[in-house]
Amino acid sequence: MKELLLTIVLAALGLTLLRWSATWHRAMPALGVVVRPVRLRGPIPGRQVRVLHSPVGGHVLAVYFEDGQAVKAGDPLLKLVVGTGPGAHLVFVKAPAAGYLAALDISPGPYLPAGTPYAWLILPRAVPVTTTALRLP
72 MKELLLTIVL AALGLTLLRW SATWHRAMPA LGVVVRPVRL RGPIPGRQVR
122 VLHSPVGGHV LAVYFEDGQA VKAGDPLLKL VVGTGPGAHL VFVKAPAAGY
172 LAALDISPGP YLPAGTPYAW LILPRAVPVT TTALRLP
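Numbering (my numbering), first residue to last: 72 to 208.
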């Protein structure tokens, strides 16, 4: 008899807790009330990142940039020697656009196969945005 009574009391307590947990958030006070929407307009600074790849395969003779350096379009980035013997020639790899460089692991000396990524070019640009924001009191 005591076990049956204990089971009924625990079941009733469990149902009460389930009902309370389903409705407790309705009694919580609001953190803020929307007074009116505010329209915002203007540029948001954005970043576009391009991976720079070696256009040809060759040995790296010189690296003309450092990590975080600003460059202009056409600035030299790498000097490569392509080929061997009398047919070898120099290739200067130039920045395709203005931006900031984030270097990968590159240094003078090793062979750099064609298509190998050697840096990221971060292009700063502003993106025009118009949005509606909610203003809280």
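C-beta: ideal position from N, C-alpha, C; glycine also. None of these values were measured; they are calculated from a predicted model.
Original post:
Relative to the C-alpha of alanine 168, which residue among Ala190, Lys143 and Pro147 is closest?
Top reply: Closest in C-alpha terms to alanine 168, from the list Ala190, Lys143 and Pro147, comes Lys143.
Original post:
Which residue or residues does DSSP assign as beta-bridge partners of proline 188?
Top reply: His124
Original post:
Which residue's Cα is closest to the Cα of tyrosine 171: Gly158, Leu192, Gly145 and Val152?
Top reply: Leu192
Original post:
When DSSP builds the beta bridges, which residues end up paired with lysine 150?
Top reply: Ala133 and Phe163
Original post:
To which residues of the same chain is proline 179 closer than 8 Å at the C-beta, ignoring the five residues directly before and after it?
Top reply: Val131, Leu132, Ala133 and Val134
Subject >> Alpha-carbon spacing of tryptophan 95 relative to isoleucine 79, whole angstroms >> reply: Annotation note: pLDDT 49 at tryptophan 95 (below 50); position unreliable, coordinate value reported separately. Going by the C-alpha atoms only, they are around 24 Å apart.
Original post:
The beta strand (DSSP E) spanning leucine 175 covers which residue range?
Top reply: Leucine 175 -> no beta strand (DSSP E), and no H or E assigned at all.
**OP:** Please report how far the alpha carbon of leucine 194 lies from the alpha carbon of arginine 121, in whole angstroms.
**Re:** 8 Å
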